Amino acid sequence: MNLLYFALRHPLYQRWMLLPSLAFILSWVAGPLSIFLFPLLLTIVYYYTLKKHPVVIRPWIWFLTAPITSYIWFRWGPIEQLFSEPHGRVEYGIAAHYAGQLLCSTCLLLMISDELQNAVLRWMGSMLISGAVCLGFYVSMANLSAHFLETGSLTLFITPPLVGLIANGISGLLLIDYEHR
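Going left to right, the sequence shown walks through residues 1 to 181 as UniProt numbering numbers them.
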């Protein structure tokens, strides 16, 4: 219980868990333009998260990943998968998104001062766990319900932020360093 209390009060954990879901919800305001807005908001979210990381000294370098994030989102993102004909599978888009974020994570090598290996491994491990939780959820829900991923369904707007909160809540526990509390 003490570990969970520490995590919930840690600013890095809070940003890792909450901001990506908030970016997804805020991108809805743009309507169809959310396809363009979300990757940019996600880049900004990770920049603010990295600003709270104790070993990151140049978080602005993360903005160099915006073209990669945008390209992967436009080319293989969940939105494209849902509206393509014949209908794609959203889990392919999620896998592409997290693979792209792992690729972007290599920029951490340019941002951190010391404890190089530990910080990079924690960030990439958190990204892998988050992706695995999201993929596991979507695959199991698609197998349980044939109508789960229909494009007109309200679940398309409610599910991603909720799954993101759960996935990032679990994966964020790896991101923070409990030894230095």
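Backbone N, C-alpha and C fix where the C-beta goes; we use that ideal spot for every residue, glycine too.
Quantities reported herein were computed from a predicted structural model and do not represent experimental measurements.
query	result
Cβ neighbour criterion (16 or more within 10 Å) applied to Trp28	exposed
Which residues DSSP lists as bridging Ile112, in chain order	Val56
At least 3 beta-carbon pairs within less than 8 Å: the stretch 5 to 20 vs the stretch 44 to 56	yes
Any 3 or more C-beta pairs closer than 8 Å across the stretch 103 to 113 and the stretch 56 to 65	yes
Option in Glu91, Gly164, Trp16 and Tyr98 with minimal Cα separation from Ser140	Glu91
Burial state of Ala30, where buried means 16 or more other Cβ atoms lie within 10 Å	exposed
Whole-angstrom distance between Pro67 and Leu40, CA atom to CA atom	9 Å
Identity of the residue in Leu64, Ser70 and Tyr13 nearest Leu174 by Cα	Tyr13
Residues near Ala167 in its chain [Cβ-Cβ closer than 7 Å; skip 5 each side]	Ser130, Val133 and Cys134
Coarse secondary structure for Gly77, derived from DSSP in three states	coil
Pro32 versus Leu26 - alpha carbon distance	13 Å
Helix, strand or coil at Ile176 [DSSP, three-state]	coil
Which of helix, strand or coil DSSP assigns to His97	helix
Buried/exposed call for Thr106, threshold 16 Cβ in 10 Å	exposed
For Ser70 and Gly125, the rounded distance between their alpha carbons	22 Å
Given Trp76 as reference, the closest of His53, Pro11, Ile35 and Gly169 once Cα atoms are compared	Ile35
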